[in-house]
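The next block holds one structure in the form of structure tokens; read it before the comments.
In full-length UniProt numbering, the protein residues as written are 1 to 118.
Right under this line is the structure:
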């Protein structure tokens, strides 16, 4: 788990980080973004990530991550799921060809023969 302080002068979208999914953003002022939203950090915000995230405007910290006690408890109780291998998609299966009709039930052109009556 990695903890950072955003030091950039302007807000930045941190591509690949989603609030509550693989990162927690604790804004310096204001409310945290909604769950699942892309993380956009502003100057002074604290960012906690599941994996190291290299960015020139993120300074790694070793303090209490800037998380509120509730967010800290949530981060401990909800570790990120381990990455899984993608399930291969099976190749499409062609339907079985229709059975050839018996030769005595078709005309020379291949159309169904007229029904016979007795």
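Idealized CB from N, CA, C, for every residue including glycine.
Computed from a prediction, not measured in an experiment: that's the story for all the values here.
Distance check for residue 33 and residue 26, CA to CA, integer angstroms please. Those two C-alpha atoms are separated by around 9 Å.
Are the C-beta of residue 28 and some C-beta of chain C separated by less than 8 Å? Checking the listed chains, one finds no chain C in this structure; it contains a single protein chain.
Whose C-alpha, out of 12, 46, 31, is nearest the C-alpha of residue 4? The residue with the shortest Cα to Cα distance from residue 4 is 46.
Could you have a look at residue 41 and say whether DSSP puts it in helix, strand or coil? In this structure, residue 41 counts as strand in the three-state DSSP scheme.
What is the DSSP secondary structure of residue 111, counted as helix, strand or coil? coil
Which class does residue 28 belong to by DSSP, given the choice of helix, strand or coil? coil
Can you round the beta-carbon distance between residue 49 and residue 2 to whole angstroms, since I take them to be within the 8 Å contact cut? 5 Å
How big is the Cα-Cα spacing for residue 54 and residue 60? Roughly 9 Å between the two C-alpha positions.
DSSP-derived helix/strand/coil call for residue 9: coil
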